[in-house]
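Have a look at the structure below before the remarks.
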Amino acid sequence: MNRIYEMNTFYRVLSFDGSDFTDGGNVVQSNLDSSLPKNKTVAIPEPFTFADRHISKEFKTKEDFAINLAKMLRAEIDSLVESGFEVIQLLAPSIAYNKEVDFGVVSDALKIITDGLKAKTILHTHFGDVSTKIESLLDLPVSGLGFDITTTPASSIEKHSFSDKILSIGIINSFNTAIEKPQECIKQVDEINAKTNPKESYVSNNFDLEYVPKEFAMNKISVLGEIARGAKDV
């Protein structure tokens with residue numbers, strides 16, 4: 000068991016001991032996607048974070064581990080895209096949390112996932128301030144970037160142009176149960192977009208809402224919808 004970053008929550012560490020992580024194309028089938036709306040989105044860990052939080056006896060370096068995890072993830076992502084998912088959110092907490100990040104490894108792994116993929120990919124950073132990493136993040140082969148603006152100040156994001164990237168603003172705070180004020184959030188989103196000029200703009204929670212009680216999570220999702228409808232060009 001290992002702790003989830005700064006949370007009082009734990010997860011089971013996986014050990015990848017074989018040389019081949021794929022299962023020959025056998026994908027767990029679900030009927031849940033038929034009940035989802037259009038523009039379906041799925042969130043999965045990006046390879047660098049996956050390799051950082053789990054272990055492998057087969058691959059001795061994080062680079063080899065991340066590359067092989069990327070190949071495994073690509074097979075699953077291709078299946079999801081074929082099922083109608085149009086946006087792949089790649090969760091990247093380790094890129095934000097770790098002081099030292101090998102962006103060469105991150106980029107090589109992401110290329111495996113995004114090359115020729117017929118879906119948008121958004122690398123979403125959280126659990127740390129990425130102010131000093133934004134230039135490196137902008138060079139990565141993804142459609143867009145997502146930021147937790149409770150840990151990465153909006154002022155840091157606003158220093159950069161996103162004219163060729165999607166910008167996803169993590170405006171809803173999943174760290175607590177306080178319900179955001181829609182008009183204040185709309186104003187902040189509009190200000191960020193005006194200064195960064197993104198190719199496209201999304202709003203989101205800063206990370207998973209599973210850590211707050213369901214009632215508060217549902218209220219926050221409702222507010223998020225209000226922000227999306229009220230902000231310009233979102």
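Residue numbering for the sequence shown follows numbering that gives the first Met the number 0, beginning at 0 and increasing consecutively.
By construction, the Cβ of each residue, glycine as well, lies at the ideal position given by its N, Cα and C atoms.
Predicted, not measured: the structure shown is a model, and the values here were computed from it.
Continuous beta strand (DSSP E) stretch holding residue i: start and end
i: threonine 124; result: 119-124
i: leucine 139; result: Taken as a continuous stretch (DSSP letters only), leucine 139 belongs to no beta strand (DSSP E), as it is neither H nor E.
i: leucine 116; result: Element bounds for leucine 116: n/a, residue is neither H nor E.
i: aspartate 147; result: 143-147
Chain-order list of residues whose beta-carbon lies under 6 Å from that of residue i (same chain, five-residue window excluded)
i: aspartate 51; result: Ser93
i: serine 135; result: Phe102
i: histidine 159; result: Ile133
i: glutamate 225; result: Pro181
Cut-off 7 Å between Cβ atoms - residues of its own chain near residue i, not counting five sequence neighbours on either side
i: glycine 23; result: Summary for glycine 23: the model assigns pLDDT 46, below 50, so the residue's position carries little reliability; its value from the coordinates is reported in the next sentence. Cβ neighbours of glycine 23 beyond the five flanking positions: none.
i: lysine 72; result: According to the sequence provided, residue 72 is leucine. The question's lysine does not apply to it. Closer than 7 Å at Cβ, skipping near neighbours: Ile43, Pro46, Ile112.
i: lysine 39; result: Asp32, Gly83, Phe84, Glu85
Identified DSSP bridge partners for residue i
i: phenylalanine 47; result: Answer is none; phenylalanine 47 lacks a bridge partner.
i: aspartate 54; result: Note that residue 54 corresponds to isoleucine in the displayed sequence, not to aspartate. Paired residue(s): Ser14.
i: leucine 90; result: Pro44, His123
i: glutamate 199; result: Ile165
Range covered by the alpha helix (DSSP H) that runs through residue i
i: valine 211; result: That residue, valine 211, is in no alpha helix (DSSP H); it is neither H nor E in DSSP.
i: phenylalanine 64; result: 61-81
i: aspartate 16; result: Element bounds for aspartate 16: n/a, residue is neither H nor E.
i: isoleucine 165; result: That residue, isoleucine 165, is in no alpha helix (DSSP H); its beta strand (DSSP E) goes 165-171.
i: serine 154; result: 153-156
Buried versus exposed call for residue i [16 or more other C-beta atoms within 10 Å across all chains shown]
i: leucine 89; result: buried
i: aspartate 147; result: buried
i: proline 181; result: buried
i: lysine 231; result: exposed
i: leucine 139; result: buried
i: isoleucine 54; result: exposed
i: leucine 166; result: buried
Check: residue i C-beta below 7 Å from any heavy atom of the ligand NAP
i: alanine 50; result: With respect to the ligand NAP, the structure shown offers nothing to examine, as it has no ligands at all.
Minimum Cβ-Cβ distance from residue i to chain B less than 8 Å
i: isoleucine 66; result: The structure shown contains no chain B; it holds only a single protein chain.
Whole-Å CB distance - residue i paired with residue j, under 8 Å assumed
i: lysine 119; j: serine 142; result: 4 Å
i: glutamate 157; j: isoleucine 191; result: 6 Å
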